[in-house]
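Novice: Under our numbering, the first residue of the sequence shown carries the number 9, and numbering increases by one thereafter. Can you keep this structure in mind? I'll have questions shortly.
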Amino acid sequence: MLPSLQESVDGDDRELESSEEGSGLPEDRKSERSSNSYYCLYGYQGCRLHQGVDSDDGSPNSTTAETPSSDDFSLSLVDTNLPAEAEMELRSFVAKHLAKGAFFEGMGNVASVELSIPESRVGCYYCLFQPEKCTEMANAELSSCALDYVICFLGGSEKGLELFRLELDRYVQDLKINLDLEQDNLETCVKPLLATWFEDSICPIQRVVKLFQEKLSFVLHAALSCTPVEVKAPDERTKKDINRFLRAASLQDLVREATMTSLCVAMTEERRTPVVIDCSEPQPQFHNAGSDKFCEYWMQAFLNGSEGGNPFLFRQILENFKLKAIQDINNLKRFIRQAEMNHYALFKCYLFLKNCGSGDVLLKIVKVEHGEMPEAKNVINVLEEFMREPEVISFEVFHNWTKTAFSCQ
9 MLPSLQESVD
19 GDDRELESSE
29 EGSGLPEDRK
39 SERSSNSYYC
49 LYGYQGCRLH
59 QGVDSDDGSP
69 NSTTAETPSS
79 DDFSLSLVDT
89 NLPAEAEMEL
99 RSFVAKHLAK
109 GAFFEGMGNV
119 ASVELSIPES
129 RVGCYYCLFQ
139 PEKCTEMANA
149 ELSSCALDYV
159 ICFLGGSEKG
169 LELFRLELDR
179 YVQDLKINLD
189 LEQDNLETCV
199 KPLLATWFED
209 SICPIQRVVK
219 LFQEKLSFVL
229 HAALSCTPVE
239 VKAPDERTKK
249 DINRFLRAAS
259 LQDLVREATM
269 TSLCVAMTEE
279 RRTPVVIDCS
289 EPQPQFHNAG
299 SDKFCEYWMQ
309 AFLNGSEGGN
319 PFLFRQILEN
329 FKLKAIQDIN
339 NLKRFIRQAE
349 MNHYALFKCY
359 LFLKNCGSGD
369 VLLKIVKVEH
379 GEMPEAKNVI
389 NVLEEFMREP
399 EVISFEVFHN
409 WTKTAFSCQ
């Protein structure tokens, strides 16, 4: 399984191979990796891409706002850690995309760029954003003349950064809050955020895997089952890392919102006390936590991936964990529809739940989604009854029991 995961994060293979060679201490490899991430912040002066610009007669001139030419705007360098030549190449890339109207305020894009840096080709996340104070300005005329910003984060590959695009969008929101029109907080608030973007956005999953090791299965199970979690940590970064991992591992972006809401409510009612993750001791402690074979299997996949030290690989493993869970949910739904027709299909559904490694959790998810369907409710009730049995029962026993149970309904 893991070789295919490594292949899916193309462009980072060299980094993975150099880490696996083991030359130097882990701390040395960490600093080397951090030095290979870059950032660039530009001030953008010109017509807003999301607003019309009034002409002299007061009528809106939307054409200029939607597709500005390079003469309609200017880019001024605010801060970067790129070499001068590479920065000019990146500026040309940004200007070309601005002229095409390929920027949308607050929504980042990812591309691959070639620059005069040791990596030559890197992934580039770029986003146009408007400072928070400018958003709140009531005077539209003043707002249209204010300075916007373009942020570029560079590192890894295009496919690797694409995995973290939502995290980087949220990181830009933090920049919006900290960057005001006067730039009086540039040194104290903004530059530290720029310098640590890679550690803050890309590396939390890797740090959580390293922190929990074999206990990671408890975290995966809490995320998969939508169990409420309370984190106790001595420092804010550890707490944020765990919460980011839980959010990234959740199925909320792959399952219907109504289903996730109902599932969270059901799990909260079922587990009156949340899972407590206590990191105040040298070894993290879990209270009220659960696990299953499915989460233990994927925990091992994470530990195997940690040998390479590639943060993009960890995110790919996490995405595959979620996709496999969704695939199992969809298979279970299909088996349940078939089980409404005959007892043998019901038995196959039971075997699937017993062998998939996360049968109890999957059954809860499907139960929530099929709560208003009488036929499915009968099937789910039978499955719940037999899932309580520690051993797998034979088809004859299953058939005889279910035939009696359905005839009594």
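From the three backbone atoms N, C-alpha and C, an ideal C-beta is built for every residue, glycine too.
1) Using the DSSP secondary-structure output, state which residues sit across from S120 in a beta bridge.
2) Would you tell me roughly how many angstroms separate the C-alpha atoms of Y46 and V237, rounded to the nearest one?
3) By the 10 Å Cβ neighbour count, where 16 or more other Cβ atoms means buried, how is E195 classified, buried or exposed?
4) According to the Cβ coordinates, are E166 and C211 closer than 9 Å?
5) Hey, how far is the Cα of N44 from the Cα of T281?
6) Just curious, the beta strand (DSSP E) that V239 is in, first and last residue?
7) Per DSSP, what kind of secondary structure is V400 in: helix, strand or coil?
8) Could you give the distance in angstroms between the alpha-carbon of T246 and the alpha-carbon of N186?
9) Please classify Y352 as buried or exposed, where buried requires at least 16 neighbouring CB atoms within 10 angstroms.
10) Going by beta-carbon coordinates alone, are V102 and V180 separated by less than 9 Å?
11) Between the region 79-88 and the region 112-125, can you find at least three pairs of beta-carbon atoms closer than 8 Å?
12) Among V239, D300 and I334, whose alpha-carbon lies nearest the alpha-carbon of S288?
13) Considering Cα atoms alone, identify which of L359, K372, V369 and R323 is closest to L171.
14) Taking just the CA atoms, how far does A231 sit from L331?
15) Based on Cα-Cα distance, which residue from L370, E392, V374 and K356 lies nearest to E404?
16) Just checking my contact of A256 with L228 at CB under 8 Å: how many whole Å lie between their CB atoms?
17) Could you tell me whether the Cβ atoms of V369 and A384 are closer together than 9 Å?
18) For M307, is the classification buried or exposed, using 16 other Cβ atoms within 10 angstroms of its Cβ as the cut-off for buried?
19) Less than 9 Å between the beta carbons of D249 and V216, yes or no?
20) Confirm, please, whether the CB-CB distance from L176 to C135 is below 9 Å.
21) Tell me which same chain residues have a C-beta within less than 8 Å of the C-beta of P292, skipping the five on either side of it?
22) Do Y50 and C160 have their C-beta atoms closer together than 9 Å?
Specialist: Result, derived from the coordinates:
1) Here residue 120 is taken as the residue at index 112 of the sequence shown, counted from 1. Its beta-bridge partners are G131.
2) Here the question's residue 46 lines up with position 38 in the sequence shown. Here the question's residue 237 lines up with position 229 in the sequence shown. Rounded to the nearest angstrom, the two C-alpha atoms are 34 Å apart.
3) Within the sequence shown, residue 195 is the residue found at index 187, counting from 1. Exposed, because fewer than 16 other Cβ atoms sit within 10 Å of the Cβ of E195.
4) Translated into the one-based positions of the sequence shown, residue 166 becomes position 158. Translated into the one-based positions of the sequence shown, residue 211 becomes position 203. Result no, Cβ atoms of E166 and C211 do not sit closer than 9 Å.
5) On the sequence shown, residue 44 is found 36 positions in, with the first residue counted as 1. On the sequence shown, residue 281 is found 273 positions in, with the first residue counted as 1. For N44 and T281, the distance between alpha carbons rounds to 43 Å.
6) Taking the sequence shown and counting its residues from 1, the one referred to as residue 239 is at position 231. Its beta strand (DSSP E) spans residues V237 to K240.
7) Counting from 1 along the sequence shown, the entry for residue 400 is found at position 392. Three-state DSSP puts V400 in coil, outside helix and strand.
8) Start at 1 with the first residue of the sequence shown, and residue 246 comes out as number 238. Start at 1 with the first residue of the sequence shown, and residue 186 comes out as number 178. Approximately 22 Å, taken between the alpha carbons.
9) By one-based count along the sequence shown, residue 352 stands at place 344. Classification of Y352: exposed, given that the 10 Å Cβ count is below 16.
10) Within the sequence shown, residue 102 is the residue found at index 94, counting from 1. Within the sequence shown, residue 180 is the residue found at index 172, counting from 1. Not a contact, by the Cβ cut-off of 9 Å.
11) no
12) On the sequence shown, residue 288 is found 280 positions in, with the first residue counted as 1. That would be V239, whose Cα lies nearest to the Cα of S288.
13) Working through the sequence shown from its first residue, we reach residue 171 at position 163. The shortest Cα separation from L171 among L359, K372, V369 and R323 belongs to R323.
14) Taking the sequence shown and counting its residues from 1, one reaches residue 331 at position 323. Taking the sequence shown and counting its residues from 1, one reaches residue 231 at position 223. Near 14 Å, if we compare the C-alpha coordinates of A231 and L331.
15) Residue numbering aside, residue 404 sits at position 396 when the sequence shown is read from its first letter. Cα-wise, what sits closest to E404 is K356.
16) By one-based count along the sequence shown, residue 256 stands at place 248. By one-based count along the sequence shown, residue 228 stands at place 220. About 11 Å separates the two Cβ atoms, so there is no contact after all.
17) Stepping through the sequence shown from its first residue, residue 369 is reached at position 361. Stepping through the sequence shown from its first residue, residue 384 is reached at position 376. Result no, Cβ atoms of V369 and A384 do not sit closer than 9 Å.
18) Sequence index remark: in the sequence shown, residue 307 carries index 299 (1-based). So M307 ends up on the buried side.
19) Numbered from its first residue, the sequence shown carries residue 249 at position 241. Numbered from its first residue, the sequence shown carries residue 216 at position 208. Yes, Cβ-Cβ distance for D249 and V216 is below 9 Å.
20) The residue you call residue 135 lines up with position 127 of the sequence shown. The residue you call residue 176 lines up with position 168 of the sequence shown. Contact: yes.
21) Translated into positions along the sequence shown, residue 292 becomes position 284. Cβ neighbours of P292 beyond the five flanking positions: L219, F220, K223, I285 and D286.
22) Position 42 of the sequence shown, counted from the start, is the residue given in the question as residue 50. Position 152 of the sequence shown, counted from the start, is the residue given in the question as residue 160. Yes, they are a contact pair.
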